[in-house]
Amino acid sequence: MSFTSTSAEHGPCCHGDAPRPAAAHAAGSSEYTCPMHPQVRRAGPGTCPICGMGLEPVAPQAGGEDDSELRAMTRRLWVAAMLSIPVVALGMAERWPWVQAAVATPVVLWCGWPFFVRGWRSLRQQLNMFTLIALGVAAAYLFSLGALALGGAVYFEPAAVIVTLVLLGQVLELGARRQTGAAIRALLRLQPARAVRIGPDGVEQELALDAVRAGDRLRVRPGEKIPVDGSVEDGASSVDESMLTGEPMPVAKAAGDRVTGATVNGTGTLVMRAEQVGEATVLARIVRSVAEAQRSRAPVQKLADTVSGYFVPAVVAAAAITFAIWAGVGPEPRWAHALVTAVAVLIIACPCALGLATPMAVMVASGKGAQAGVLFRDAEAIERLSRVDTVVLDKTGTLTEGRPAVVALGAAQGWDEARLLQLAAAVEAGSEHPLGRAIRVAARERGLAIEAAAGFLAVPGAGVEAEVGGREVRVGPAPSGDDSIEDWRRRGATVIAVEVDQSWAGWIAIADRPRPSAPAAVRNLQRAGVRVVMLTGDHRATAEAVAHELGIHEVIAEVRPEAKRAVIERLQRQGRRVAMAGDGINDAPALAQADVGIAMGTGTDVAIESAAVTLAGGDLAGLVRAWRLSRKTMGNIRQNLFFAFVYNAAGVPLAAGALYPAFGLLLNPMIAAAAMSLSSVSVIGNALRLRGTRL
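Oh and the sequence shown: position 426 is 1268 in our numbering, straight run, nothing missing.
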């Protein structure tokens, strides 16, 4: 994603700046927003009407980022620095004031022109940091011109140096802001540029990725990236899915398995069928999700917003009061002291650090999470997850791999196992549930034809039913009592019943292995003091067998979907902050009720839409990474806000001359400008530390 922008000062008001490059004009056709105020949306580049910062593209781009603002600010910085050196030297020597004026004028009027443009706009729209900078520089410069005409002391060097230091801060800030998008740009670069399509006649053709269409057959050679999302039709290989899951271990793929675009094929050759292309791929959805999360607002930001709303008018009033006091009762030369202190107050009290404290951390954390296989819907999800003390986990597809297999069949008298399985597979043809897929796979492996079903109906928690060959078939949880059924449940299998025309036809036992990452994830959460609960609609014996294997001590089983939500509500009434992780349609109400809903990326779209956090690879290790990242992010935000508040709380009194009565010290406006610029850069630098966080 491009984290630079082109502001209004790069237009006609640049007074000599080169026109924007073609790339910048192309970028102007996309939507732009402000990193501090994401509600601001514009059709092209410019400046934020609230804070005056340069707008950034909303839509992430893999390359060709528009760095025209950074280049323009850098050019102005070099000119300002070179001209400010002689101004400072002459000012310290108190010589040649007319030369000081001549050299300082291009620094103030050309190098500092963007600040005056933004400051003037702020007077018409909303006061912001550029209001203070423009007032401070203008006061020092105009006072010095008046003093020059009257033969008094001049202060051109503070005006020139303030412009130079603010430009330095802008250059450092723009460079640092670009780094917050490094993760999402890295994701975009994962996409291969080309693919090999196999034509109907078997002829292979290499073509650009955007020419691939759903339904195309593609060949993926060893070492190549999977071009788009789809399924394997022929061949076997191992695929590195670390871009999706954050885990380095390759995953075996064979005919029938799904593959994801931008993952890396191993040593085998695969022939795949393209299913999702372009904006429909997992990678495209990840990029959109991260971009939206980066532009969202965390609740903790409300305090900073409230303070900032009153801050600039209060600072202007404080500078006016400071000037009046020093001009009335200060030591001689009173007017000079009054000017110095008032300018120092205006310059040091920049609210930029306060406004950047939360957005920068959220941007970095969202990108870091995406690289680790964790997608946050918005900044609020990060904040809420950091406070979670109870994690409720669904069983099938969450704690288990979600790739169950049929392990046993029990046909009632008058039925054979093949026909039992065939009817169940016909009903489950319309189901997304992992158990339904297991039944269909078992039927295909036995060479059974899956008949057409009509009137498919899913009853959450009670199974599915449909009409097959003129008979009413229902597939759902098996009742207790049968010794064979109970034996399989004690082994951790899920047993479902098949009824035909409301009569018992038999049962099917389906086993699903626990995810390899699940035991470690459970242990890590428990060691951190998080309460872990299994919540499932499965039979208690099955649930307890799986829970025992994973080290989960609290199991709530045989719970219908509507009751799952009630369980979450009960925990919340106990004062618990609850995260719920699930993957099925029946989990959606509980995910929506939880303080933080966590969906497995391998689950249903309904579950993912109901969740605030998605684990892209469907791996529970990602849940631990998400929880750790959220806590570290909120810690980073609190550090940023503390620094920004303390900086402004201490800076304004110092600039106003609080130390003068006791120590005879005044804060030089040039030092105030340096402190103001470094405060913003330090906040961004602290946020960037999250990129190196170990999860």
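All C-beta atoms in this analysis are idealised placements derived from N, C-alpha and C, irrespective of residue type, glycine included.
The structure displayed is predicted, hence computed values, not measured ones.
- By the CB criterion at 8 Å, methionine 1376 and leucine 1241 fall inside the cutoff.
- Within 10 angstroms of the beta-carbon of glutamine 1344 lie fewer than 16 other beta-carbons, which makes it exposed.
- Under the 8 Å Cβ criterion, the region 1361-1379 counts as touching the region 1459-1472, having at least three qualifying pairs.
- Secondary structure of arginine 1288 (DSSP, three-state): coil.
- In this structure, Ala1096 is the residue among Ala1096, Ser1131, Pro1069 and Pro1092 with its C-alpha nearest to the C-alpha of glycine 1077.
- In the three-state reduction of the DSSP assignment, leucine 1112 falls in the strand class.
- In this structure the region 1259-1279 lies against the region 1331-1341, because at least three pairs of beta carbons, one per stretch, are closer than 8 Å.
- If you compare the alpha carbons of Arg1279, Val1045 and Ala1347 with that of tryptophan 1257, the shortest gap goes to Ala1347.
- Distance check between proline 1403 and each of Ala1430, His1395, Gln1416 and Leu1413 places Ala1430 closest, using alpha-carbon atoms only.
- Between the alpha carbons of alanine 1320 and glutamate 1309 lies a distance of about 20 Å.
- Cβ-Cβ separation between methionine 1512 and serine 1228: approximately 40 Å, too far for a contact (criterion under 8 Å).
- Considering only Ala1408, Ala1432 and Pro939, the residue with the shortest C-alpha distance to alanine 991 is Pro939.
- Here valine 900 carries a coil assignment [DSSP, helix/strand/coil].
- Remark: fewer than three beta-carbon pairs, one from each stretch, lie closer than 8 Å, so the region 1173-1180 and the region 1512-1527 are not flagged as touching.
- Contact check between the region 889-902 and the region 961-976: three or more CB pairs, one atom from each, fall below 8 Å, which counts as touching.
- For the 8 Å CB-CB criterion, leucine 1032 and alanine 1104 form a contact.
- Within the same chain, and ignoring the five residues on either side of glycine 954 in sequence, the residues whose Cβ sits closer than 7 Å to its Cβ are Val979 and Val1005.
- In the three-state reduction of the DSSP assignment, serine 1359 falls in the coil class, being assigned neither a helical nor a strand state.
- Between the region 1131-1140 and the region 1161-1170, the count of Cβ pairs shorter than 8 Å is below three; the stretches do not touch.
- Taking C-beta atoms as the reference points, phenylalanine 998 and alanine 946 count as a pair closer than 8 Å.
- Going by beta carbons, methionine 915 and leucine 974 fall outside the 8 Å limit.
- Within the same chain, Ala1140, Pro1141, Val1142 and Met1476 come within 7 Å of glutamate 1225 by CB-CB distance, once the 5 residues on both sides are set aside.
- Residue environment for arginine 1219: buried (at least 16 other C-beta atoms within 10 angstroms of its C-beta).
- In the three-state reduction of the DSSP assignment, alanine 1370 falls in the coil class, being assigned neither a helical nor a strand state.
- For serine 1080, the uninterrupted beta strand (DSSP E) segment begins and ends at 1079-1082.
- Counting along the chain, no beta strand (DSSP E) covers leucine 969, and no H or E run does either.
- DSSP, read as helix, strand or coil, puts isoleucine 1352 in strand.
- Going by DSSP, lysine 1474 is part of the alpha helix (DSSP H) stretching over 1463-1498.
- For arginine 1020, the closest alpha carbon among the candidates Ala1529, Thr1535 and Leu1537 is that of Ala1529.
- Annotation: the continuous beta strand (DSSP E) that includes alanine 1247 extends over 1247-1253.
- By a beta-carbon distance limit of 8 Å, glycine 1443 does not contact glycine 1424. Their separation comes to about 12 Å.
- With 16 or more neighbouring CB atoms inside 10 Å of its own CB, tryptophan 1349 falls in the buried class.
- By alpha-carbon distance to arginine 1288, the top candidate from Gly1312, Glu1314, Ala1271 and Glu1259 is Glu1259.
- One thing to note: valine 1230 has its Cβ no nearer than 8 Å to the Cβ of valine 1374.
- When DSSP states are grouped into helix, strand and coil, alanine 1050 belongs to the strand group.
- A direct Cα-to-Cα measurement between arginine 1313 and leucine 1251 gives close to 21 Å.
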